[in-house]
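Here's the structure we're looking at; comments come further down.
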Amino acid sequence: KIKEFQKAISKFLKSPAKDSSNVTTAVLAAYAQLGVYDDQVRTLAANDKAPLEVQYQALNTIRHICDDFIDDANQVKIRTDLQSLLLKILQNKSNKNAVRVWAFEALFTSFIYNPEEDDSTLGDNLEKALSEILDQPLNQVNGFIWSALKYSV
1 KIKEFQKAIS
11 KFLKSPAKDS
21 SNVTTAVLAA
31 YAQLGVYDDQ
41 VRTLAANDKA
51 PLEVQYQALN
61 TIRHICDDFI
71 DDANQVKIRT
81 DLQSLLLKIL
91 QNKSNKNAVR
101 VWAFEALFTS
111 FIYNPEEDDS
121 TLGDNLEKAL
131 SEILDQPLNQ
141 VNGFIWSALK
151 YSV
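The numbers in UniProt numbering rise by one with no breaks, and the one at position 72 of the sequence shown is 72.
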């Protein structure tokens, strides 16, 4: 039933009109609540010209992916692709601080960062990226990351 519902509402993400960001955010919010994902979410998350609320909902959908709704054959490909995208968003200083923080939060979810199931180089790449970010002068992004890492132990 969930996959049928996703199929029915996904048409609103395929070609969102400029004035339809309310519909787009509502569909993305539904995706996040259900834990479903498709490539349209990735496209919207990667679009740095999208309205802030669309970027938030796309990244929030990625944060809430439930691997029960992802084909086993595609999980590693999707995970690796999203890891790369989220790292790129996090490292891009031209992105709004909020978007970079949301990308950081999405990186530390069980579907995206699962070192026990994944042999990718995400851990090394993430450590390098975070070191570079934390070495920058204090700002909202590295302040948030520092606090999150310090108090997550």
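From the three backbone atoms N, C-alpha and C, an ideal C-beta is built for every residue, glycine too.
For Lys-7, the uninterrupted alpha helix (DSSP H) segment begins and ends at 2-14. Membership of Phe-144 in the alpha helix (DSSP H) is indicated by the continuous run 140-150. Distance between Arg-63 and Arg-100, taken at the CA atoms: about 13 Å. When secondary structure is reduced to three states using DSSP, Tyr-37 falls in the coil class, being assigned neither helix nor strand. Note on geometry: alpha-carbon atoms of Asp-71 and Pro-137 lie some 42 Å from one another.
Taking a cut-off of 8 Å on C-beta distances, the stretch 91-98 touches the stretch 124-139, as three or more cross pairs fall below it. With a cut-off of 8 Å on Cβ pairs, the stretch 4-13 is in contact with the stretch 25-45, counting three or more such pairs.
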